[in-house]
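Engineer:
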Amino acid sequence: ERGGYDHFMLKEIFEQPTTVENTMRGRLILEDGTSKLGGLNMSHEQLMAIDNIVITACGTSWHSALIGEMMIEDLCRIPVEVEYASEFRYRNPIVTPTTLCIVISQSGETADTLAAMREAKRRGAHTLGLVNVVGSTIAREDDGGVYLHAGPEIGVASTKAFTSQVVALALFALKLARKRTLSVIRGREIAQAMHDLPAQIQKILDRAAEIEKIAEEYKDAHNFLYLGRGFNFPAALEGALKLKEISYIHAEGYPAAEMKHGPIALIDEKMPVVFIAPHDGVFDKIVSNIQEVKARGGKTIIITSRDEPALEGLVDHEFRIPETVDMLTPVLASVPLQLLAYYIAVKRGANVDQPRNLAKSVTVE
Ligand code: M6R
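See below:
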């Protein structure tokens with residue numbers, strides 16, 4: 244049932260060319276640079292009336308929400324708030340009849356996420372579930388939905404659901420933006436980039452052995468720092484979560500420039516720092532953060548996308564990902580981070596599919 248893979252987690256990481264494809268199947272309209280989402284259950288007028296969006300979720304799904312926030316604000320120019328479901332449900336959240344509440348959950352059963360959705364509904368928001376498990380409670384109770392179609396995720400560490408969530412958010416942002424603020428030319432560019440993702444993910448997976456080597460070198464580290472900027476700040480958070488939950492190595496994700504406001508004190512020769520630095524709009528900015536780490540003797544593991552003279556002398560390990568539009572870079576960048584966490588955990592003898600103290604779906608608050 245693990246299809247020849249040692250663990251479900253590895254199988255699910257390697258399924259991503261297919262699962263990302265399945266999330267987009269029949270939904271992407273290349274010619275018009277937009278998407279078709281049959282389950283939204285919102286009229287054109289309702290979609291046009293949305294003037295604020297709240298996205299609520301937990302854990303990995305909360306990380307994809309942060310990427311969705313940036314995509315929607317950038318493409319649609321609608322203010323977005325991302326809230327931990329556990330916090331949202333006990334606050335006194337501001338929800339209006341023109342609020343769209345997007346609820347993200349792989350399982351569709353997370354107790355806090357379900358309660359947050361019910362609270363948003365009670366206050367009159369239209370709720371939209373981005374859910375993987377068909378027929379789950381959130382999928383049944385939301386006002387509209389976008390199924391991820393990633394197939395069953397068995398490994399406790401979420402991998403393929405995360406990349407599908409980001410792609411589903413991109414589909415939604417594209418649709419809304421093309422109705423409101425985005426030209427067909429720009430829409431087509433994004434749609435084409437989405438269409439190319441599965442083949443690009445496959446190219447990364449074909450080089451998994453490069454990541455396994457890096458894992459061998461750092462498997463005994465006690466701490467890890469993950470740094471990214473812009474769309475890849477949430478990718479840094481997700482990379483750190485993957486590592487800590489399955490390898491039990493302490494790891495933190497930070498926006499790269501925040502490092503000098505505290506975490507920089509942690510850096511010494513024993514501290515591996517993973518930089519998520521594809522060649523996007525903030526690449527030059529992250530180079531200075533890489534210099535700051537190198538100057539203090541930290542070990543740098545850099546996920547980047549080009550030969551770059553600016554990185555000379557700053558790189559201990561490098562892994563290249565293909566290039567795409569900025570907003571989709573976290574989809575590609577997260578794959579080597581999943582592999583890094585996986586190989587480190589396996590080399591430490593950890594039970595990656597069943598990490599201690601963790602449940603696949605958290606149905607208690
Ligand atoms: O099923 P959900 O997406 O609602 O689950 C939310 C979190 O419990 C989940 O993403 C968790 O953080 C993952 N196991 C992390 O890999």
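Heads up: the sequence shown begins at 244 in full-length UniProt numbering, then just goes up one per residue. Glycine included, each C-beta is placed from N, C-alpha and C at the ideal position. Values in this document were obtained by computation on a predicted structure and should not be read as measured data.
Is any non-hydrogen atom of the ligand M6R found closer than 8 Å to the C-beta of residue 626, if you look at the structure I gave you?
Structural biologist: There is simply no residue 626 to check, as the chain begins at 244 and stops at 608 in what is shown.
Engineer: Closer than 8 Å is the cut-off here; do at least three beta carbon pairs connect the stretch 457-474 with the stretch 296-306?
Structural biologist: Taking 8 Å as the limit for Cβ pairs, the verdict is that the stretch 296-306 does not touch the stretch 457-474.
Engineer: Please tell me whether, using a cut-off of 8 Å, the distance from the CB of THR424 to the nearest non-hydrogen atom of the ligand M6R is below it.
Structural biologist: Position 181 of the sequence shown, counting from 1, holds the residue named residue 424. Outside the cutoff, so no.
Engineer: Determine, using beta carbons only, whether PRO260 and LEU486 come nearer to each other than 9 Å.
Structural biologist: Translated into the one-based positions of the sequence shown, residue 260 becomes position 17. Translated into the one-based positions of the sequence shown, residue 486 becomes position 243. Not in contact: PRO260 and LEU486 (Cβ atoms no closer than 9 Å).
Engineer: At which residue ranges does the stretch 354-385 contain complete beta strand (DSSP E) runs of 3 or more residues, listed in the order of the chain?
Structural biologist: Listed in chain order, the complete beta strand (DSSP E) runs (minimum 3 residues) inside the stretch 354-385 are 369-374.
Engineer: Is the Cβ-Cβ distance between VAL568 and GLU432 less than 9 Å?
Structural biologist: Taking the sequence shown and counting its residues from 1, the one referred to as residue 568 is at position 325. Taking the sequence shown and counting its residues from 1, the one referred to as residue 432 is at position 189. Yes; because the gap between Cβ atoms is below 9 Å, this pair is in contact.
Engineer: Where does ARG563 fall in DSSP's three states?
Structural biologist: By one-based count along the sequence shown, residue 563 stands at place 320. Three-state DSSP puts ARG563 in a strand.
Engineer: As a quick exercise: from ASN284, GLY247, GLU326 and ARG539, pick the residue whose alpha carbon is nearest that of GLY309.
Structural biologist: Position 66 of the sequence shown holds residue 309. In the sequence under discussion, the amino acid at residue 309 is Leu, which differs from the Gly named in the question. Closest by alpha carbon: GLU326.
Engineer: Let me check you understand the geometry: is the CB of LEU601 closer than 8 Å to at least one non-hydrogen atom of the ligand M6R?
Structural biologist: Walking along the sequence shown from the start, residue 601 turns up at place 358. Within the cutoff, so yes.
Engineer: Does the Cβ of LYS503 have 16 or more other Cβ atoms within 10 Å, making it buried, or fewer, making it exposed?
Structural biologist: Here residue 503 is taken as the residue at index 260 of the sequence shown, counted from 1. It is exposed - the Cβ of LYS503 has fewer than 16 other Cβ atoms within 10 Å.
Engineer: With respect to 8 Å, is the separation between the Cβ of GLN259 and the closest non-hydrogen atom of the ligand M6R below this value?
Structural biologist: Translated into the one-based positions of the sequence shown, residue 259 becomes position 16. Result no, Cβ not under 8 Å from the ligand M6R.
Engineer: In this structure, does DSSP put HIS493 in helix, strand or coil?
Structural biologist: Within the sequence shown, numbered from 1, the residue matching residue 493 stands at position 250. In the structure shown, HIS493 sits in a strand (DSSP, three-state: E or B).
Engineer: So which of THR606, GLU501 and ALA584 has the shortest CA-CA distance to ASP596?
Structural biologist: Residue numbering aside, residue 596 sits at position 353 when the sequence shown is read from its first letter. Of THR606, GLU501 and ALA584, the residue nearest in Cα terms is ALA584.
Engineer: How is SER286 classed by DSSP in three states: helix, strand or coil?
Structural biologist: Position 43 of the sequence shown holds residue 286. It is coil, neither helix nor strand.
Engineer: Which first and last residues belong to the alpha helix (DSSP H) in which SER348 is found?
Structural biologist: Looking up residue 348 in the sequence shown gives position 105. Not the alpha helix (DSSP H): SER348 falls in the beta strand (DSSP E), residues 342-348.
Engineer: Beta strand (DSSP E) containing ASN466: first to last residue?
Structural biologist: Position 223 of the sequence shown, counting from 1, holds the residue named residue 466. It spans 466-471 - the beta strand (DSSP E) in which ASN466 sits, taken as one unbroken run.
Engineer: Taking LEU299 as the reference, give the member of LEU318, ASP385, GLU274 and MET285 with the closest Cα.
Structural biologist: For this step, residue 299 is matched to residue 56 along the sequence shown. Inspection of the sequence shows that residue 299 is occupied by Thr rather than by Leu. Checking every option, the nearest Cα to that of THR299 belongs to ASP385.
Engineer: Excluding five sequence neighbours on each side, which residues of the same chain lie with their C-beta closer than 6 Å to the C-beta of ASN375?
Structural biologist: The residue given as residue 375 occupies position 132 in the sequence shown. Within the same chain, ASN375 has close Cβ partners GLN349, LEU391, ALA393 and ALA404.
Engineer: Got a sec: does the ligand M6R put a non-hydrogen atom nearer than 8 Å to the Cβ of ALA300?
Structural biologist: Taking the sequence shown and counting its residues from 1, the one referred to as residue 300 is at position 57. Because some heavy atom of the ligand M6R lies under 8 Å away, the Cβ of ALA300 counts as near it: yes.
Engineer: When the Cα of GLN289 is compared with those of ILE545, THR370, GLN534 and LEU425, which residue comes out closest?
Structural biologist: The residue labelled residue 289 in the question sits at position 46 within the sequence shown. The shortest Cα separation from GLN289 among ILE545, THR370, GLN534 and LEU425 belongs to THR370.
Engineer: Extract the residue ranges of the beta strand (DSSP E) inside the UniProt domain "SIS" (457-598), only unbroken runs of 3 or more that lie entirely within it.
Structural biologist: Taking only runs of at least 3 residues, the beta strand (DSSP E) segments lying wholly in the UniProt domain "SIS" (457-598) are 466-471, 493-498, 515-519, 542-547 and 560-563.
Engineer: Roughly how far, in whole angstroms, is the beta-carbon of GLY387 from the beta-carbon of LEU283, given that I think they are within contact range, below 8 Å?
Structural biologist: By 1-based counting over the sequence shown, the position of residue 387 is 144. By 1-based counting over the sequence shown, the position of residue 283 is 40. Contact flag correct, Cβ pair sits at about 4 Å.
Engineer: Have a look at PRO515 and ARG599 and give me their C-alpha separation to the nearest angstrom.
Structural biologist: Your numbering for residue 515 matches position 272 in the sequence shown. Your numbering for residue 599 matches position 356 in the sequence shown. Near 24 Å, if we compare the C-alpha coordinates of ARG599 and PRO515.
Engineer: Considering only their Cβ atoms, is the gap separating LEU343 from LEU440 smaller than 9 Å?
Structural biologist: Within the sequence shown, residue 440 is the residue found at index 197, counting from 1. Within the sequence shown, residue 343 is the residue found at index 100, counting from 1. For LEU440 and LEU343, no; Cβs fall outside 9 Å.
Engineer: Would you report the Cα separation of LYS537 and ALA499, rounded to the nearest angstrom?
Structural biologist: Within the sequence shown, the letter at position 294 stands for residue 537. Within the sequence shown, the letter at position 256 stands for residue 499. Those two C-alpha atoms are separated by around 13 Å.
Engineer: Is THR303 a contact residue of the ligand M6R, with contact defined as CB to any heavy atom under 8 Å?
Structural biologist: Here residue 303 refers to the residue found at position 60 of the sequence shown. Yes; taking the cut-off as 8 Å, the Cβ of THR303 has a heavy atom of the ligand M6R nearer than that.
Engineer: Are there any heavy atoms of the ligand M6R lying less than 8 Å away from the beta-carbon of LYS485, as far as the coordinates show?
Structural biologist: The sequence position of residue 485 within the sequence shown is 242, counting from 1. True, at least one ligand heavy atom lies under 8 Å from that Cβ.
Engineer: What whole-angstrom Cβ distance do TYR586 and ILE454 have, given they're in contact under 8 Å?
Structural biologist: Counting from one through the sequence shown, the residue named residue 586 turns up at place 343. Counting from one through the sequence shown, the residue named residue 454 turns up at place 211. Contact flag correct, Cβ pair sits at about 6 Å.
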